[in-house]
Structures are given as C-alpha cells and as structure tokens.
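For reference, the structure is listed below as structure tokens.
Number of protein chains: 2
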Amino acid sequence: MTASTGKTAFKHEALYTALRTEIGATLRPHDPLPSERELVARFGVSRATVRQAVGRLEEEGLVYRSQGAGTFVADPSTISKSLALTSFSEDMRSRRLTPDSRLLDLTLVPAGVTVARDLSLSPGAEVAHVRRLRLADGLPMCVEEVWLPTERIGGLDAGTVAGSLYDALAGRGVQPHHADQVISATVVDADQAALLGVAPYSPALRVDRITYTEAGVAVERAESMYRADRYDFRITVTRRTP
Amino acid sequence: MTASTGKTAFKHEALYTALRTEIGATLRPHDPLPSERELVARFGVSRATVRQAVGRLEEEGLVYRSQGAGTFVADPSTISKSLALTSFSEDMRSRRLTPDSRLLDLTLVPAGVTVARDLSLSPGAEVAHVRRLRLADGLPMCVEEVWLPTERIGGLDAGTVAGSLYDALAGRGVQPHHADQVISATVVDADQAALLGVAPYSPALRVDRITYTEAGVAVERAESMYRADRYDFRITVTRRTP
DNA sequence: TAGTGGTCTAGACCACCCT
DNA sequence: GGGTGGTCTAGACCACTAT
Numbered sequence: 003m004t005a006s007t008g009k010t011a012f013k014h015e016a017l018y019t020a021l022r023t024e025i026g027a028t029l030r031p032h033d034p035l036p037s038e039r040e041l042v043a044r045f046g047v048s049r050a051t052v053r054q055a056v057g058r059l060e061e062e063g064l065v066y067r068s069q070g071a072g073t074f075v076a077d078p079s080t081i082s083k084s085l086a087l088t089s090f091s092e093d094m095r096s097r098r099l100t101p102d103s104r105l106l107d108l109t110l111v112p113a114g115v116t117v118a119r120d121l122s123l124s125p126g127a128e129v130a131h132v133r134r135l136r137l138a139d140g141l142p143m144c145v146e147e148v149w150l151p152t153e154r155i156g157g158l159d160a161g162t163v164a165g166s167l168y169d170a171l172a173g174r175g176v177q178p179h180h181a182d183q184v185i186s187a188t189v190v191d192a193d194q195a196a197l198l199g200v201a202p203y204s205p206a207l208r209v210d211r212i213t214y215t216e217a218g219v220a221v222e223r224a225e226s227m228y229r230a231d232r233y234d235f236r237i238t239v240t241r242r243t244p
Numbered sequence: 003m004t005a006s007t008g009k010t011a012f013k014h015e016a017l018y019t020a021l022r023t024e025i026g027a028t029l030r031p032h033d034p035l036p037s038e039r040e041l042v043a044r045f046g047v048s049r050a051t052v053r054q055a056v057g058r059l060e061e062e063g064l065v066y067r068s069q070g071a072g073t074f075v076a077d078p079s080t081i082s083k084s085l086a087l088t089s090f091s092e093d094m095r096s097r098r099l100t101p102d103s104r105l106l107d108l109t110l111v112p113a114g115v116t117v118a119r120d121l122s123l124s125p126g127a128e129v130a131h132v133r134r135l136r137l138a139d140g141l142p143m144c145v146e147e148v149w150l151p152t153e154r155i156g157g158l159d160a161g162t163v164a165g166s167l168y169d170a171l172a173g174r175g176v177q178p179h180h181a182d183q184v185i186s187a188t189v190v191d192a193d194q195a196a197l198l199g200v201a202p203y204s205p206a207l208r209v210d211r212i213t214y215t216e217a218g219v220a221v222e223r224a225e226s227m228y229r230a231d232r233y234d235f236r237i238t239v240t241r242r243t244p
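In order, the protein sequences belong to chains U and R. In this text, residue positions in the first sequence follow my numbering: the first is 3, and each later residue adds one. In this text, residue positions in the second sequence follow my numbering: the first is 3, and each later residue adds one.
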C-alpha cells in the first residue's frame, strides 16, 4: 500500500510514514498504537528507531504518549501547529484535512518595489506571480499570493503550481530551509470575501512570509489570508530564565 | 558549580543544564560545542544521552548542528522573540515601547466551566478575575482579561496588578515556565472598541493563553485582544527535512 | 584522511499504569 | 504482576565536512 516514492532511505522515516498512514486510515482518536516493542518485532528495527519515528509523530501532535499506559492517537481538535516551516498542503494534512488548490493567476511580471526588496532582487527583475485559492476538505481556507524569483527557481507552469509549491521547488533542487513570518489580523476585501465565501469585512488571519534556502537566498514571498473562523495558530512557548 | 537542585535525576537533563550554562557564560555565537564523542568522554555518558541533551538545545534554538562540521552556538539575534514566553510588559520593552496598565476590574469570582476546565479546577473554585487596558507609549494596545486560581497563587490587590503579573507571580514563588497560545483573528465589540479607541468591528489579533509552572500546574488563563494596526506576531520557522 | 553528526542495533533497568 | 513508555549503555556503520 505504501508505495515508496524511492526517497525514504531511513528506517525511521519509513516507519513514521507507515504509522502516519495507519493513523489517518484505520485508527480513531484515543485508539492505542501498537506498543513500541511490538513495532520492533513487526518492522524488524530496534527500539531506538521506533522511538525516533513515534517521537516525530508526537512532536507533530498526531499522537500522545502516556508512561505506563501506551501511545494513543491524538484528538484532531487539539492538534497544535508546530513551529516547523510547512507548506499549506503539509499544514492541512497535519490537521488531517485534504488540501486542494484553485489557480487564480499565474503570470510573469517585473518585481515591484516591495517584492524586489523582500527578495533582494533588482527592481524590475522578473518574478512569477501566483494567486491561488486554497481549500481544505473542499472548503475555502485561504487566498494566497506568492512571488517567486524566476532567475533562482526557473520557470513555472499551471501543472507545477497545482499542488505543493515546496514540492515543486524541491524538484528543481531548491530546498526551503527557513522563513520569517509575520502574523497579523485584518479584514477581507470584497474580492477576497467572494473567493472565501464570507461577508466582506469579515476578520482574517494574515500571514506574510519570506522563505530562504540554507544559504540565506530568498526564494519565495507569500501573503496568505486565512478565514478567521477556520484557522488559528497554536504554539507552545517556554520562558527563558537564564 | 552545577549545584544540583536535587530534582535533576536524569543524566541528559544534567548535561543539558551544564551545556546551557556554558553557552550563556563562556561561548560566543557560532563557537563550536565540544564534539559529541568528547562530551561522552567528559561526562561519562553514552552518545545517545549526549544526543538527547544536544537535541533539546537544538529544539530550543540555542545551537545548530551541521553534519560533518559540528554543533555551534546559535546567533541570539536570530532567536525569534515570539518563541519566548513573555509578559505584556516584557514584550513591549523588547519592542522598545513603554508599557503601562489601566485596571478595569479586579474581583474574586467562582470559576466558570471554561475557566475551570482550562485551569484544571473544580467548577466554582475561586479565581481572581483581572481586566486591564494595556498601553504602549501611552497609546491603547490591547484589552486583556486574566483568570488566576487563588488557591495556587494567593490573593491579589490593585497594587499587585498595576505592573507585570509575571513579576507578581514570581514574587510569590510561582514561576511561569511554559504556555500554550492560540493566535486568531477577530473583530472587536463596542466595549472593546471604545477602550482601544478604534471603530467597532475593527480587526483585532486575539491571543488565548494558558500558562503552566514547570510541574505542569496551570496558573493563568488569559485572553488578550490586540489592536490589529499596532501589533503583529513575528516568528522564524525552520524546515524539518521531510 | 580524520573528525563530525546521523542512523541503527541489541540489549538493560526503571517508573508508571492497569487489572 | 505484566505491560508500557522513559532512560541508558557500548558498540557499529554511514554521509558529510574540513584540511
């Protein structure tokens, strides 16, 4: 069933993927996972490898562990957004929603002042402009506008931007590494309201993001407007008291 | 030097604390940490234990690892401030604004259903309810509502809640350690609009927070409504290689 | 080539939960 | 008491980086 894409070289990744699939398919919230020792036997790996895979599931909020009792599937309503850089598609899947996309615009344009500055481009350099309506389980979730410097990532076509843009970038050898995000509140305009299926001036969570490679080269600038009634940001913060 | 507080039973915690202290004291940004194998020898533990301790430092953004090269102290300027649990006063000062507070309400009330659940209290247990208008450089920034379980933190008076609530808690021996935050977008009602000096139905960034001590005891539940035109959340997120 | 972090094994003991 | 997750050991090989 889990037809490997050929990229999963590590055992803990293969196990992680297998467990993730099973959680999404057959297990219900609060169902117990097989015990770690049973996974050792079933997958033919060591317990350390099992714990690495389950640990990642726990980090991502898909399961919770209870010492002495077992590991259980988390309640989706309590899934927290982690601080990992994720594409919309990945984010939705981690919330156990099916992502989809409707392309609204895909054009090559000269970079404006703001885009050029954020991407460290010469003003007027060519950028690909992508505007998409993003859906979760078929319902509008956000309107997203993205600018990509073509000189750094190559050209784009409609097929490429149908799914995860991060996958498309990775396919061109461009690996997103980190991003600066600004989260703010706003209200939608008439156009956005129509796309999202809400009344004009409804509240929206706005996320502005600039994505960089490991070398610090900006490869994406994105503005996303999320429906406030369907999306929030959950983070756990710890106190620094040195 | 590392005068144990008596609670650190695990080797990886002791090592984590030792490394954390060294990072804060003698090491500079981008300085290399001792290699994992050297830490094995120096602390007399296995490499798995070393990796657990260093892994926690990496999770918290204090160090970064580079395969084949080493582990290095992270640059503090790239540590996102929003990942730290801060009080309003601390947050404002870090933005170089002067915080102030206007007390709107301070009463002892029985905990409602939601508050009791979030703070793990018996329904009807006594909580202190604090409502404050928070100012930055003299201008309204947010309306904040806080519930505190009096049985865990003692009584409160107007003088105590004039400034930083976290300072007040620390003065009673209650140390906030971490918090779960939910960030969402909404619009203000007429009352909040009047206090914040904006039009009704203006957008606002809403932050719901439950604060815990190190032992996991909930000591504060807070709801804050920030003026959207004066406040945003900035975080740097990094990619987990999928 | 030598050293580093990343992965992995096959054990072990402990603290805790459930019945 | 039996099973679970949490911690820990003492090795090993691999992929990568620096020189």
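We treat Cβ as the ideally placed atom computed from N, Cα and C, and that holds for glycine. For clarity, every value in this text was computed on a predicted model and none was experimentally measured.
Listed by chain order, chain U residues near residue i by CB distance under 8 Å
i	result
R/ALA230	SER186, ALA187 and THR188
Beta carbon proximity, residue i to chain R, threshold 8 Å
i	result
U/VAL200	no
U/HIS179	yes
U/LYS13	no
U/ALA76	no
Interface partners of residue i on chain U, CB under 7 Å
i	result
R/PHE90	Within chain U, no residue comes near R/PHE90; the closest Cβ sits about 14 Å away, beyond 7 Å.
R/ALA127	Result: empty, since nearest Cβ-Cβ is about 23 Å, beyond 7 Å.
Residues near residue i in its chain [Cβ-Cβ closer than 6 Å; skip 5 each side]
i	result
U/GLU146	ARG134, ARG136 and SER226
U/PRO112	GLY126
U/TYR168	SER89 and PRO178
R/SER166	SER89 and SER91
U/THR162	ALA170
CB contact check: residue i to chain U, cutoff 8 Å
i	result
R/THR116	no
R/PRO142	no
R/LEU17	no
R/LEU108	no
Cα-Cα separation, residue i to residue j
i	j	result
R/LEU150	R/VAL132	8 Å
U/ALA127	R/GLY173	57 Å
R/ASP193	R/LEU106	12 Å
U/LYS13	U/THR51	7 Å
R/PHE45	R/LEU17	8 Å
R/PRO178	U/ARG241	7 Å
R/SER68	R/GLU62	16 Å
U/LYS9	R/VAL239	Only weak support is given to the placement of U/LYS9: the predicted model assigns it a pLDDT of 45, under 50, and the question is left unresolved by the model.
R/PRO202	R/LEU99	26 Å
R/HIS180	U/GLY156	43 Å
U/ALA224	U/VAL129	12 Å
U/HIS32	R/SER103	43 Å
R/ARG236	U/ILE185	6 Å
R/TYR66	R/ASP159	45 Å
R/THR213	R/ASP182	7 Å
U/THR80	R/ASP139	Only weak support is given to the placement of U/THR80: the predicted model assigns it a pLDDT of 45, under 50, and the value that follows is read from those uncertain coordinates. Roughly 37 Å separates the two Cα atoms.
U/VAL75	U/LEU21	10 Å
U/THR188	U/ALA195	12 Å
R/ASP191	R/ALA230	14 Å
U/ALA27	U/TYR233	24 Å
R/PRO34	R/GLU24	12 Å
R/VAL176	R/GLU153	12 Å
R/LEU64	U/ARG97	28 Å
Interface partners of residue i on chain R, CB under 8 Å
i	result
U/GLN69	Simply none; closest approach about 13 Å.
Own chain partners of residue i with C-beta closer than 8 Å, once the 5 adjacent residues on each side are dropped
i	result
R/SER48	VAL42
U/TYR228	MET143, CYS144, ALA206, LEU207, ARG208 and VAL209
U/ARG58	HIS14 and TYR18
U/GLU38	ARG49, VAL52, ARG53, VAL56 and THR73
Within chain R, the residues that residue i reaches when beta carbons sit closer than 9 Å
i	result
U/THR240	GLU62, LEU85, ALA86, LEU87, HIS179, HIS180 and ALA181
U/ARG236	ASP182, GLN183, VAL184 and ILE185
Close-in-space but distant-in-sequence residues of the same chain around residue i (CB under 7 Å, 5 per side omitted)
i	result
R/THR109	HIS131
U/SER124	ALA118
R/SER122	ALA220
U/LEU171	ILE155, PRO178 and VAL221
R/LEU197	LEU135, PRO142 and VAL145
Closer than 7 Å: residue i CB and nearest the ligand GTP heavy atom
i	result
R/ALA16	In terms of ligand content, the structure shown is empty, and the ligand GTP therefore cannot be addressed.
Partner residues on chain R for residue i, Cβ-Cβ distance less than 7 Å
i	result
U/PRO205	ALA187, THR188, VAL189 and PRO205
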